[in-house]
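Visitor:
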Amino acid sequence: MPTTRQVLLKSRPHGPAGLDNFDMREAELPALADDDVAVRAIYMSLDPYMRGRLDAEKSYAANFEVGAPMIARCVGEVTESLNPKFQAGEVVVGMMDWADHSVVAGGKGIAKVDADLAPLPYFLGLLGMPGLTAWVGMREIGQPKEGETLFVSAASGAVGQLAGQMGKIAGCKVMGCAGTDAKLAYVTEELGFDAVFNHRTDTDYLAAMQRICPDGIDVNFENVGGAMLEAALEHANNYARFIQCGAISQYNLVGDQRYGVKNLEHLHRKRVRMQGFIVTDHWHLMREFQVEVAGWLKAGQIKYKIDITEGLENATQAFLGLLEGENFGKKVIKIGPETVS
Ligand SMILES: NC(=O)c1ccc[n+]([C@@H]2O[C@H](COP(=O)([O-])OP(=O)(O)OC[C@H]3O[C@@H](n4cnc5c(N)ncnc54)[C@H](OP(=O)(O)O)[C@@H]3O)[C@@H](O)[C@H]2O)c1
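Residue numbers (my numbering): 842 to 1182.
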């Protein structure tokens, strides 16, 4: 029986996750049953929402089980298939184990990758789940108009990069924040953001927003939550739209450590429309989204930065770093070679 390395959840964190919450083991792969597909991982996506899956508390994504391999969206090569829809040698994307090899039961949730559209890691970023998140949030909730001010937090990240560039395509003034000077330089010089601040050194968020967004905020793409959300509400214009995408500043905190936003009365005073969403509810739009965004990419209207860490053995450290801002662009783990047989 072939074996594979797998990364497991060893224990649930209480507060910040640490390396001791994870383990790696060598395990036998199960024999394929009808419709199963065996996949060799090439790239694995690391995403902030995985932090919630480590907890016992119920969320929109099922909790990881203690003692079982964690799962992630991966791009990989089909090595064996008892599923008529997939052949060995094809490249697919979908949920798999944190592992070198996985068996996808019934071939469920995997799709073929159209490698002509973009490099393979993009299917975990710009043309994958985070890109769809930015696209849906901007289109369905933000609805930016020419001349408006868009503010994007975590601007250099997997979601933020596309959200900001969509704002530019819509004719907005695009502002944002990120955690290092290199990230700020990237989003302004490469992605075309108009003004940004470093939220790690410029910690009076409201003063920073007042400085860089002199006309207030019309559309807020919220990735950070907590004090960042409070400042954006304070600086919002009447009829602003708040795209509630995530709250990464809060994910490693428990109970009273979480930030209590104090100015929600601005929702009615300023007639703000604030809406949360989960990208998986919009999965049916994947093809339409990919065609539009791949078109922008091909036309040179947008750029996208991927941050690759080599080796499954380095995935847990990279995941912990992602929660602390160590990634620069969409964080992906390279697990195996791109060359398919
Ligand atoms: N609703 C959905 O369906 C959906 C789907 C995908 C993602 N999301 C959410 O979208 C947000 C961005 O995700 P992503 O995949 O694009 O991640 P990402 O931006 O690529 O990586 C996370 C970034 O967040 C920033 N960050 C971490 N802690 C922070 C803090 N305390 N304050 C401010 N910034 C902090 C860091 O960048 P800096 O160096 O700039 O600090 C880090 O690089 C997350 O909140 C995620 O949960 C939601």
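We treat Cβ as the ideally placed atom computed from N, Cα and C, and that holds for glycine.
Grouping DSSP H, G and I as helix and E and B as strand, with all else coil, what is Gly1188?
Guide: Residue 1188 cannot be examined here, being either before or after the span of the chain that is shown, 842 to 1182.
Visitor: Hey, which unbroken runs of the beta strand (DSSP E) at 3 residues or more fall wholly within the stretch 1072-1108?
Guide: Those beta strand (DSSP E) runs which fall completely within the stretch 1072-1108 and span 3+ residues are 1077-1085.
Visitor: Thinking Pro835 and Asp938 are a contact (beta carbons under 8 Å), I'd like their distance in whole angstroms, please.
Guide: Shown here, the chain extends from 842 to 1182; a query on residue 835 therefore has no answer.
Visitor: Assign Phe1160 to one of three DSSP states: helix, strand, or coil.
Guide: Here Phe1160 sits in helix by DSSP.
Visitor: Can you tell me whether Gln847 is buried or exposed? The criterion is at least 16 other CB atoms within 10 Å of its CB, across all chains shown.
Guide: So Gln847 counts as buried.
Visitor: Take Asp876 as the anchor and find which of Val945, Phe905, Glu931 and Val933 has the nearest alpha-carbon.
Guide: If we check each option's Cα against that of Asp876, Val945 comes out closest.
Visitor: Taking Ala1036 and Asp1043 to be in contact with their CB atoms under 8 Å, please state how far apart those CB atoms are, rounded to whole angstroms.
Guide: Contact flag wrong, Cβ pair sits at about 12 Å.
Visitor: Three-state secondary structure (DSSP) at Asn1155?
Guide: DSSP places Asn1155 in helix when its eight states are reduced to three.
Visitor: Less than 8 Å separating the Cβ of Gly1005 from some heavy atom of ligand 1?
Guide: No, ligand 1 has no heavy atom inside 8 Å of this Cβ.
Visitor: At a cut-off of 8 Å, would you count Met1069 as near ligand 3, judging by its Cβ distance to the nearest heavy atom?
Guide: Absence of ligand 3 is noted for the structure shown, with ligand 1 being the only ligands found.
Visitor: Less than 9 Å between the beta carbons of Lys1171 and Gln928, yes or no?
Guide: In this structure, Gln928 does not lie closer than 9 Å to Lys1171 by Cβ.
Visitor: Helix, strand or coil for Ile982? Go by DSSP, reduced to three states.
Guide: Ile982: helix per DSSP, three-state reduction.
Visitor: Which of the three DSSP states, helix, strand or coil, is assigned to Met936?
Guide: DSSP places Met936 in strand when its eight states are reduced to three.
Visitor: Are there any heavy atoms of ligand 1 lying less than 8 Å away from the beta-carbon of Asp1022, as far as the coordinates show?
Guide: No - ligand 1 has no heavy atom lying nearer than 8 Å to the Cβ of Asp1022.
Visitor: So is the beta-carbon of Ala1088 under 8 Å away from any non-hydrogen atom of ligand 1?
Guide: Yes, the beta carbon of Ala1088 sits closer than 8 Å to at least one heavy atom of ligand 1.
Visitor: Which word fits Asn1168, buried or exposed, when buried means at least 16 other C-beta atoms lie within 10 angstroms of its C-beta?
Guide: It counts as buried.
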